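Single-structure report; data block below.
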Amino acid sequence: MRGFIRRNLPLLTFAVLMAFSSAWAASTFVVTSTAYTSSLRETDSTPFITATGARTRFGIVAVSRDLLPTLPYGSQVRLEDLGSVSGRGRGQFDYLFRNTVFVVEDTMNRRFSWRMDIWMPNRSTALSFGVRRLRVTVLRVGRG
């Protein structure tokens, strides 16, 4: 057995390094995004509690259920505003995103796919956010 390991050590080392580097490499993709608040009209009967049991706060995002395998609960992401879906206002909300690491702690309604919802502290900010395209950079994959 020692002979096998000694002969194949460079190959084994390479395989281990590749496994770790691919696990830690940041992946980036673009999603359609909206914003929500903790009001009964936008949530279920527990508006201040997320799907994981965490309290809502700025930095919490909800993802559509089809994104949960890619971004399981606890995943940490950075967001970049690419503008509204009509192509206007690029970077308008980057001041909110600049120094914030967002955490996936909630899920959206089943009718949505390939979407992300960002929790906002008030309705006026959520309404002005509208429907936007965001570049999502995965910093750490969660506990899924």
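All letters in the sequence shown, in the order written, are residues -25 to -1, 1 to 119 by mature numbering (1 follows the signal peptide of the UniProt record, and there is no 0).
In this text, a Cβ means the ideal position worked out from N, Cα and C, and glycines have one as well.
Being a predicted model, the structure only gives us computed values, none of them experimental.
{"Query": "Apart from the five residues on each side of it in sequence, which residues of its chain come closer than 6 Å, Cβ to Cβ, to S50?", "Result": "V79, V116 and G117"}
{"Query": "Per DSSP, what are the beta-bridge partners of S8 in this structure?", "Result": "M91 and R107"}
{"Query": "What would DSSP say about S39, mapped onto helix, strand or coil?", "Result": "coil"}
{"Query": "Is the Cβ-Cβ distance between R107 and G64 less than 9 Å?", "Result": "yes"}
{"Query": "By the 10 Å Cβ neighbour count, where 16 or more other Cβ atoms means buried, how is L46 classified, buried or exposed?", "Result": "buried"}
{"Query": "With distances taken between CB atoms, is the gap from A37 to M95 smaller than 9 Å?", "Result": "no"}
{"Query": "Between the C-alpha atoms of R53 and V5, what's the straight-line distance to the nearest angstrom?", "Result": "12 Å"}
{"Query": "Could you name the residues that DSSP lists as bridge partners for F77?", "Result": "V52"}
{"Query": "Pull up the distance between the alpha-carbon of G28 and that of S61, whole angstroms please.", "Result": "35 Å"}
{"Query": "Do you know how far the Cα of G66 is from the Cα of N74?", "Result": "14 Å"}
{"Query": "Just the Cα atoms here: how many angstroms apart are S59 and G105?", "Result": "7 Å"}
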